[in-house]
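Q: Quick mapping for you: the protein sequence lines, in order, are chains A and B.
If you count by the working numbering, then the first sequence holds residues 29 to 302, one letter each, in order.
If you count by the working numbering, then the second sequence holds residues 3 to 305, one letter each, in order.
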Amino acid sequence: MKLRNIFVSMIAAFAVAFSALAGAASQELASESVLEEIKKRGSLRVGMSTFVPWAMRDKQGNLIGFEIDVASKVAEDMGVEVEFIPTAWSGIIPALIARKFDVIIGGMSITPQRNLTVNFTAPYAHSGQQMVANIELAEGYAVEDFNAADVTIACRRGATPCNAAQEIFPKASLARFDDDAQAFQEVVNGNAHAMISSAPKPRFWMGNYPGKLFMPTDENLTTGDEAFALRKGDPDALNFFSNWIVVNTSNGWLKERHDFWFKTQTWADQIEEQ
Amino acid sequence: MSESRPRPPVEKVKRVTRLDVAIIATVVATLVYIYYRVEHVLVYEWDWPLVFEYMIHIDEVTGEIFPNLFLKGVAMTLRLAFWGTLIAAVIGIIMGLCRVSNSLFLKLGSRLYVELIRNIPPVVFIFVFYFFISSQIIPLLGLDRIEDTYSPGTLAVMRVLFGPTELFDNFLAGLICLAVFEGAYITEIVRAGIQSIGKGQWEAARAIGLSRYHVLRDVIMPQALKTILPPLAGQFITLVKDSSIVSLISVQELTFLTQDVSNTTTHFFEAWMITAVLYFMMCFPLAVLFQRFERFGLGIQKH
């Protein structure tokens with residue numbers, strides 16, 4: 029009987045110690061959240077990459093775009109400054125994990141593969157992939173005609189468009205480029221039949237080269253969900269950013285900004301002479 | 003003096019040979035062909051003024067002139083080149099001396115360093131170094147949040163020397179990558195220079211009682227310098243050009259910002275051509291300068 033008492037009291041002691049430990053651990057988790065770091069530092073460090081019209085440079089060399097608006101408002105709502113860390117797209121996830129910045133707000137589409145490495149918030153934009161093709165090479169082609177062995181499709185590597193191209197046009201050969209601009213130039217020069225890129229760039233470009241390019245379909249080829257990306261193991265930050273997106277989706281702010289950058293081109297005179 | 007004996011007059015060849023004509027004709031024909039291709043086959047709308055806007059920006063209201071992305075990139079590349087050259091030279095000289103030292107440990111250590119760097123492509127080295135090594139070391143040294151540590155005055159000076167302070171850790175990582183990388187090549191140049199001096203010089207200098215340090219400083223190095231200088235100058239120019247690889251780890255230098263401009267404007271031919279000219283304008287004066295040095299240095303050696 030005595031032995032049993034000792035046993036029970038030992039278990040009880042363990043339980044108490046354990047729950048205290050767990051309490052401490054959850055407090056530690058909260059204080060280790062990147063949110064605390066941001067508040068302490070007084071600035072939100074945002075990783076992004078130049079990508080029209082998400083983020084680009086105006087004539088003064090300043091950053092403008094949909095993403096820049098979004099990140100600036102997040103920081104404003106947190107009561108901190110915003111710091112943009114322009115990052116090469118191919119290295120943006122490793123840079124996030126290496127703590128070069130707090131969050132990626134970079135028009136990154138959610139994919140299961142990426143999600144194994146980073147956490148995604150709720151989506152803040154739903155963009156699609158559009159296709160633009162060379163008239164001389166592909167006159168009269170319907171979308172499915174591009175799925176042929178003699179067709180070349182250009183896209184930016186390490187990004188959703190190349191994956192989409194591979195899925196929709198498995199027979200076509202892909203020409204991968206570091207930048208969209210290069211992929212696009214290949215189509216204009218007739219070295220590739222078509223290129224795939226995030227809307228609305230292909231449509232804007234078609235307008236710049238009337239008579240040379242056409243869009244095989246006005247529909248988007250795919251629909252993506254773009255979200256903020258965060259390091260794993262930080263539920264507090266994930267909750268905060270996700271709910272920020274939920275709130276700003278409900279009040280229409282995100283849609284209004286999205287339409288401004290994606291549906292109109294009134295901002296274009298900040299980059300080009302009209 | 004050697005000047006007392008009259009030199010045989012040097013006959014200068016001024017005649018244009020048939021070979022010259024053929025070469026010139028080929029070059030001209032190639033240029034014309036390229037021009038034709040660009041003008042008539044390449045579908046491209048040139049817009050130089052738009053891209054030049056990113057060189058300097060003139061405020062329409064006040065008329066003030068601001069350096070824009072290209073010039074900011076040049077400034078950053080020059081910073082990288084300046085500090086990179088200094089650090090790489092220090093690494094190269096120390097490691098070069100280690101390579102010829104008598105200590106087995108120093109010899110093996112420096113050999114390991116050189117072979118490791120020389121047998122890894124720069125791009126691979128930079129990724130490995132940046133993501134695995136520098137992202138561990140720099141926070142450890144507390145260099146990732148310098149805004150909180152230093153006074154505004156210090157930060158202003160640092161801004162001139164190292165660029166935007168909020169990106170200082172990035173700059174530092176890129177700089178160390180570049181210096182460690184180029185240092186390996188300088189090591190080999192220094193080693194080759196020292197070893198080009200005959201054994202007899204060492205033995206003679208030791209025989210008259212000079213210490214190893216003095217042999218190196220007073221006998222070997224002055225002679226080795228002549229062999230070292232030309233390839234060293236070439237290596238420094240290479241360093242300026244190689245600095246473009248740190249754009250991969252997002253150091254905001256000329257190549258990275260050119261990518262930004264070409265992505266934003268989609269006029270990437272103009273953007274990259276301007277950048278090519280800018281790199282040339284940085285490297286060519288260096289080449290001329292080093293040529294002067296070389297002549298001047300050799301002149302002194304004669305006396």
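No residue lacks a Cβ here, since even glycine has one placed at the ideal position from N, Cα and C.
Keep in mind that this is a model prediction, so the values were computed, not measured.
(1) Please classify B:W48 as buried or exposed, where buried requires at least 16 neighbouring CB atoms within 10 angstroms.
(2) For A:N162, name the three-state secondary structure that DSSP assigns.
(3) Residues of chain B with CB closer than 9 Å to the CB of A:G119, please, in chain order.
(4) Do you know whose CA, among B:A77, B:E184, B:F129 and B:A194, lies nearest B:Y115's CA?
(5) Under 8 Å between beta-carbons, which chain B residues line up against A:V275? List them in chain order, please.
(6) Can you tell me where the beta strand (DSSP E) holding B:F129 begins and where it ends?
(7) Report the CB separation of B:T267 from B:L52 in whole angstroms; it is logged as a contact under 8 Å.
(8) So what does DSSP say about A:A255, is it helix, strand or coil?
(9) Look at the alpha carbon of A:I113 and the alpha carbon of B:L227, and state the distance between them as a whole number of angstroms.
(10) Expressed to the nearest angstrom, what Euclidean distance is found between the alpha-carbon atoms of A:D208 and B:A27?
(11) Between the C-alpha atoms of B:L118 and B:L110, what's the straight-line distance to the nearest angstrom?
(12) List the endpoints of the continuous alpha helix (DSSP H) containing B:S137.
(13) Can at least three beta-carbon pairs, one atom from the stretch 91-110 of chain A and one from the stretch 233-240 of chain A, be found at a separation below 8 Å?
(14) CA-CA distance, A:I224 and A:E167?
(15) For the beta strand (DSSP E) holding A:P81, just list the boundary residues, first then last.
(16) Take the Cβ of A:K283 as the centre, count every other Cβ of all protein chains shown within 10 Å, and call the residue buried at 16 or more, exposed below.
(17) For B:D244, decide whether its Cβ has a neighbour in chain A, counting only Cβ atoms nearer than 7 Å.
(18) Residues of chain B with CB closer than 9 Å to the CB of A:E95, please, in chain order.
(19) Looking at the structure shown, is A:G156 part of a helix, part of a strand, or coil, going by DSSP?
(20) Strictly under 7 Å for the Cβ-Cβ distance: is A:A116 near chain C by that measure?
(21) Give the single residue among B:F282, B:F271 and B:P69 whose Cα lies nearest to the Cα of A:Q213.
(22) With DSSP collapsed to three states, give me the class of A:E301.
(23) Counting only Cβ pairs nearer than 7 Å, list the residues of chain B close to A:T139.
(24) Please list the terminal residues of the continuous beta strand (DSSP E) segment that includes A:V171.
(25) Taking the beta strand (DSSP E) that B:M57 falls in, what are its first and last residues?
(26) Distance, Cα to Cα, A:D287 vs A:F256?
(27) So what does DSSP say about A:F242, is it helix, strand or coil?
(28) State the start and end residues of the unbroken beta strand (DSSP E) segment that holds B:F68.
(29) Under 8 Å: do the stretch 202-217 of chain B and the stretch 276-292 of chain B share three or more Cβ pairs, one atom per stretch?
(30) At a Cβ cut of 9 Å, what residues of the stretch 37-66 of chain B count as close to chain A, listed as they run along the chain?
(31) How about B:S264: is its C-beta nearer than 7 Å to some C-beta of chain A?
(32) Give me the residue from A:A177, A:N175 and A:G75 with the minimum Cα distance to A:I120.
(33) Could you please give the first and the last residue of the uninterrupted alpha helix (DSSP H) stretch that includes A:F112?
(34) Spatial neighbours of B:N70 within its chain, please: C-beta separation below 8 Å, excluding the five flanking residues on both sides.
(35) Which of the three DSSP states is assigned to B:I36 in this structure?
(36) Do we get a CB-CB distance below 7 Å when we pair B:E168 with the residues of chain A?
A: Inspection of the coordinates gives the following:
(1) On the second sequence, residue 48 of chain B is found 46 positions in, with the first residue counted as 1. Within a 10 Å sphere around the beta-carbon of B:W48 sit fewer than 16 other beta-carbons, which makes this residue exposed.
(2) By one-based count along the first sequence, residue 162 of chain A stands at place 134. Assigned with DSSP and collapsed to three states, A:N162 falls in strand.
(3) As a first step, residue 119 of chain A must be located in the first sequence, where it is residue number 91. Ordered by position in chain B, the residues that pass the 9 Å Cβ test against A:G119 are F129, Y132, F133, L250, I251 and S252.
(4) Position 113 of the second sequence holds residue 115 of chain B. With distances taken between Cα atoms, B:Y115 lies closest to B:E184.
(5) Taking the first residue of the first sequence as position 1, residue 275 of chain A is located at position 247. By Cβ distance, chain B contributes nothing, its closest Cβ being about 28 Å from A:V275, past 8 Å.
(6) Translated into positions along the second sequence, residue 129 of chain B becomes position 127. Judged by DSSP secondary structure, B:F129 falls outside any beta strand (DSSP E) and instead within the alpha helix (DSSP H) spanning P124 to V130.
(7) Translated into the one-based positions of the second sequence, residue 267 of chain B becomes position 265. Translated into the one-based positions of the second sequence, residue 52 of chain B becomes position 50. Contact between B:T267 and B:L52 is confirmed by a C-beta separation of about 6 Å, below the 8 Å threshold.
(8) By one-based count along the first sequence, residue 255 of chain A stands at place 227. Per DSSP, reduced to three states, the secondary structure at A:A255 is strand.
(9) Translated into positions along the first sequence, residue 113 of chain A becomes position 85. Translated into positions along the second sequence, residue 227 of chain B becomes position 225. Whole-angstrom Cα-Cα distance: 43 Å.
(10) For the purposes of this step, residue 208 of chain A is taken as residue 180 along the first sequence, with counting starting at 1. For the purposes of this step, residue 27 of chain B is taken as residue 25 along the second sequence, with counting starting at 1. Pairing A:D208 with B:A27, the inter-Cα distance amounts to about 38 Å.
(11) Here residue 118 of chain B refers to the residue found at position 116 when the second sequence is read from its first residue. Here residue 110 of chain B refers to the residue found at position 108 when the second sequence is read from its first residue. For the pair B:L118 and B:L110, the Cα-to-Cα distance works out to about 12 Å.
(12) The sequence position of residue 137 of chain B within the second sequence is 135, counting from 1. S137 to L142 is the extent of the alpha helix (DSSP H) around B:S137.
(13) The count of Cβ pairs closer than 8 Å, one atom from the stretch 91-110 of chain A and one from the stretch 233-240 of chain A, stays below three, leaving the stretches out of contact.
(14) As a working mapping, residue 224 of chain A is identified with position 196 in the first sequence. As a working mapping, residue 167 of chain A is identified with position 139 in the first sequence. Their backbone Cα atoms lie some 17 Å apart in a straight line.
(15) On the first sequence, residue 81 of chain A is found 53 positions in, with the first residue counted as 1. Where A:P81 is concerned, there is no enclosing beta strand (DSSP E), given that its DSSP letter is neither H nor E.
(16) Your numbering for residue 283 of chain A matches position 255 in the first sequence. Burial is judged here by how many other beta carbons sit within 10 angstroms of a residue's own beta carbon; A:K283 has fewer than 16 and is exposed.
(17) By one-based count along the second sequence, residue 244 of chain B stands at place 242. No, because no Cβ of chain A sits closer than 7 Å to the Cβ of B:D244.
(18) Start at 1 with the first residue of the first sequence, and residue 95 of chain A comes out as number 67. The contacting residues do not exist; A:E95 stays about 13 Å from chain B at best.
(19) Position 128 of the first sequence, counted from the first residue, corresponds to residue 156 of chain A. In this structure, A:G156 counts as strand in the three-state DSSP scheme.
(20) Structure shown: chain C not included; protein chains present are A and B.
(21) Sequence index remark: in the first sequence, residue 213 of chain A carries index 185 (1-based). The shortest Cα separation from A:Q213 among B:F282, B:F271 and B:P69 belongs to B:F271.
(22) For the purposes of this step, residue 301 of chain A is taken as residue 273 along the first sequence, with counting starting at 1. Low local confidence applies: a pLDDT of 49 at A:E301 is under 50, so the model's placement there is unreliable, with the coordinate-based value given in what follows. Here DSSP, grouped into helix, strand and coil, assigns A:E301 to coil.
(23) The sequence position of residue 139 of chain A within the first sequence is 111, counting from 1. Result: empty, since nearest Cβ-Cβ is about 21 Å, beyond 7 Å.
(24) Taking the first residue of the first sequence as position 1, residue 171 of chain A is located at position 143. No beta strand (DSSP E) holds A:V171; DSSP gives it neither H nor E.
(25) The sequence position of residue 57 of chain B within the second sequence is 55, counting from 1. No beta strand (DSSP E) holds B:M57; DSSP gives it neither H nor E.
(26) Position 259 of the first sequence, counting from 1, holds the residue named residue 287 of chain A. Position 228 of the first sequence, counting from 1, holds the residue named residue 256 of chain A. Roughly 19 Å separates the two Cα atoms.
(27) Along the first sequence, read from residue 1 onward, the residue named residue 242 of chain A stands at position 214. DSSP places A:F242 in strand when its eight states are reduced to three.
(28) Reading the second sequence from its first residue, position 66 is the one you call residue 68 of chain B. Where B:F68 is concerned, the enclosing beta strand (DSSP E) stretches over I67 to P69.
(29) No, the stretch 202-217 of chain B does not touch the stretch 276-292 of chain B.
(30) For the stretch 37-66 of chain B, the residues whose beta carbon sits under 9 Å from a beta carbon of chain A are, in order, V43, L44, V45, Y46, E47, D49, P51, L52, E55, Y56, H59 and D61.
(31) As a working note, residue 264 of chain B is residue 262 in the second sequence. At least one chain A Cβ lies under 7 Å of B:S264.
(32) Position 92 of the first sequence, counted from the start, is the residue given in the question as residue 120 of chain A. When only C-alpha atoms are compared, the closest one is A:G75.
(33) Taking the first sequence and counting its residues from 1, the one referred to as residue 112 of chain A is at position 84. Counting along the chain, A:F112 falls outside any alpha helix (DSSP H), though it belongs to the beta strand (DSSP E) covering E109 to P114.
(34) Here residue 70 of chain B corresponds to residue number 68 of the second sequence, with the count starting at 1. Result list for B:N70: E55, Y56, M57, I58 and H59, in chain order.
(35) Counting from 1 along the second sequence, the entry for residue 36 of chain B is found at position 34. In this structure, B:I36 counts as helix in the three-state DSSP scheme.
(36) Numbered from 1 along the second sequence, position 166 holds the residue referred to as residue 168 of chain B. The beta carbon of B:E168 falls within 7 Å of a beta carbon belonging to chain A, placing the residue at that interface.
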